[in-house]
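Below is one structure, written out as structure tokens; the observations come after it.
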Amino acid sequence: MLLDGKRLLITGVLDPRSIAFFVAKVAQEQGAEIVLTGFGRGMRLTQRAADRLPETPDILELDVTQPEHLTAVAAQLDERWGRLDGVLHAIGFAPASCLGGGFLDAPWEDVATALHVSTYSYAALGRSLADLLAVDGGSIVGLDFDAQIAWPGYDWMGVAKAGLESANRYLARDLGPRGIRVNLVAAGPLHTMAARSIDGFGDFESVWQERAPLGWDLRDPEPVARTVCALLSDWMPAVTGEIVHVDGGVHAVGAGVPDDVVTPAED
Ligand SMILES: NC(=O)c1ccc[n+]([C@@H]2O[C@H](COP(=O)([O-])OP(=O)(O)OC[C@H]3O[C@@H](n4cnc5c(N)ncnc54)[C@H](O)[C@@H]3O)[C@@H](O)[C@H]2O)c1
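Heads up, the sequence shown is in this note's numbering, so the first residue is 7 and it goes up one at a time.
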């Protein structure tokens with residue numbers, strides 16, 4: 007199996023719609039041993055979701071903005087396994103002021119929260135787990151939403167994702183010499199709890215329905231999960247600093263241009 011014998015940490019399982027839930031499921035089906043992390047009041051939901059996996063994994067508490075949580079998670083994994091083969095970062099959050107058209111009005115405190123949770127935490131998690139991942143070579147995977155254009159309503163989360171894409175390259179540069187690969191999967195839109203907080207998410211839905219060459223099912227995170235598992239496996243050994251788009255092909259054809267741009271001028 008693809009992930010036979012792999013020991014993986016999977017963050018970001020909030021409920022059975024979470025992208026990370028599907029990664030956990032596919033990883034177990036492919037032979038991996040996994041541990042989840044849960045966050046704050048969502049821990050109870052994470053426990054309920056964990057019970058629905060093929061095997062119920064343990065859950066460690068991790069608020070990724072708390073350095074002592076990061077240290078404790080690394081220590082617990084060291085005690086349990088003495089090494090780590092891979093980690094999924096599936097964490098994102100932005101206060102309401104940062105989404106849904108609030109770009110020019112969002113206060114710095116809110117923007118700072120969005121960047122702390124959604125961007126800086128990727129590097130912080132990588133740093134805290136680097137020693138364990140370096141034991142036998144490892145793979146870090148994060149979840150991105152294509153940050154090349156200014157999407158309707160995505161606002162500061164888009165800026166956070168652009169930062170994540172850059173952090174991915176720097177992390178790949180700094181951890182590569184220790185045998186650690188670092189990659190992002192840029193997913194198309196999926197109906198999860200995080201997506202529900204984005205005012206204007208429906209706009210993404212119509213773009214993907216109209217533009218995706220392969221088609222796109224917003225209720226099926228499994229294609230994203232499979233790609234994450236491929237990156238966590240030994241089958242992409244020379245790939246790092248990369249962004250793999252799992253979006254039905256929308257990134258290749260563009261999100262579409264307004265009618266007035268494509269309508270030929272009358273002479
Ligand atoms: N749903 C989409 O359309 C989509 C598309 C592309 C990328 N993504 C990204 O996928 C990732 C997972 O999101 P999802 O869509 O599965 O939604 P989700 O709501 O199921 O997952 C978001 C997770 O972030 C966690 N989180 C928030 N703040 C945290 C903190 N301080 N410490 C630790 N964990 C924290 C939540 O507990 C939750 O598990 C996010 O990075 C998101 O931006 C989502």
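Even glycine gets a Cβ: it sits at the ideal position worked out from N, Cα and C. Keep in mind that this is a model prediction, so the values were computed, not measured.
Around the C-beta of residue 32, 16 or more other C-beta atoms lie within 10 Å, and the residue is accordingly described as buried. Under the three-state reduction of DSSP output, residue 192 falls in the strand class.
Secondary structure note for residue 134: its alpha helix (DSSP H) is the uninterrupted segment 127-140.
Distance from residue 186 to residue 94 at the Cβ level is roughly 14 Å; contact not present, criterion being Cβ atoms closer than 8 Å.
Remark: C-beta atoms of residue 184 and residue 153 do not approach each other more closely than 9 Å. With a 10 Å radius around the Cβ and a threshold of 16 neighbouring Cβ atoms, residue 216 comes out exposed. For residue 9 against residue 238, the beta-carbon gap comes to about 6 Å, under 8 Å, which counts as contact. Buried is the label assigned to residue 191, since at least 16 other Cβ atoms lie within 10 Å of its Cβ. In terms of Cβ geometry, residue 200 and residue 98 form a close pair [threshold 9 Å]. Burial check for residue 259: the Cβ neighbour count within 10 Å stays below 16, so the residue is exposed. For residue 239, there is no enclosing beta strand (DSSP E), since its DSSP letter is neither H nor E. Note: residue 95 is bridge-paired with 148 in the DSSP secondary-structure output. Of the residues assessed, residue 145 falls on the buried side of the cut-off, its CB having 16 or more other CB atoms within 10 angstroms.
Looking at the backbone, the Cα of residue 112 and that of residue 103 are separated by about 5 Å. If one requires a minimum length of 3 residues, the beta strand (DSSP E) runs lying completely within the stretch 53-87 are 65-67, in chain order.
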